[in-house]
Amino acid sequence: VQLQASGGGLVQAGGSLRLSCAASGSIFRADAMRWYRQTPGKERDLVATISKVGITNYVDSVKGRFTISRDTAKDTVDLQMNSLKPEDTAVYYCNGDFSRYYGRNFWGQGTQVTVSS
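Laid out in structure tokens, this is it:
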């Protein structure tokens with residue numbers, strides 16, 4: 069499974085970005101897809117999850133601002149980020165839980181999101 073993240077960039081506070089995670093023909097096999105973020109010197113933190121049946125969960129700090137969605141036809145998982153804050157600045161990673169099919173999780177490469185104040 070290969071996951072390819074894209075869509076990061078530089079945006080002013082209050083702006084929006086849409087991240088996309090493209091999978092190699094595998095989204096339908098995932099039990100869950102997640103977005104994480106990481107800042108220098110800190111652990112990678114979970115931001116949002118979407119289950120196989122479309123149930124979503126978010127960390128409190130992004131609730132109401134971020135939306136995770138999955139398009140099995142396009143084989144992508146997106147993270148729409150609105151009302152961005154400087155504290156959202158991080159490298160964002162997508163993760164796929166393919167435990168049932170492949171016995172492990174897979175990570176995409178990170179995409180940098182920078183929010184200026």
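Heads up, the final residue of the sequence shown is numbered 185 in this note's numbering, and it's a clean run with no missing numbers.
We treat Cβ as the ideally placed atom computed from N, Cα and C, and that holds for glycine.
Shortest Cα-Cα distance from residue 114 to any of 107, 179, 102 involves 102. Between residue 184 and residue 82, the C-beta gap is not smaller than 8 Å, which leaves the two residues out of contact. For residue 168, the uninterrupted alpha helix (DSSP H) run begins and ends at 167-170, by DSSP. With contacts defined as CB atoms closer than 8 Å, residue 100 and residue 129 fail to qualify as a contacting pair. Distance check between residue 173 and each of 162, 179, 109, 85 places 162 closest, using alpha-carbon atoms only. In the three-state reduction of the DSSP assignment, residue 74 falls in the strand class.
If you draw a straight line from the Cα of residue 79 to the Cα of residue 182, it comes to about 6 Å. Comparing alpha carbon positions, the residue from 69, 75, 84 closest to residue 154 is 84.
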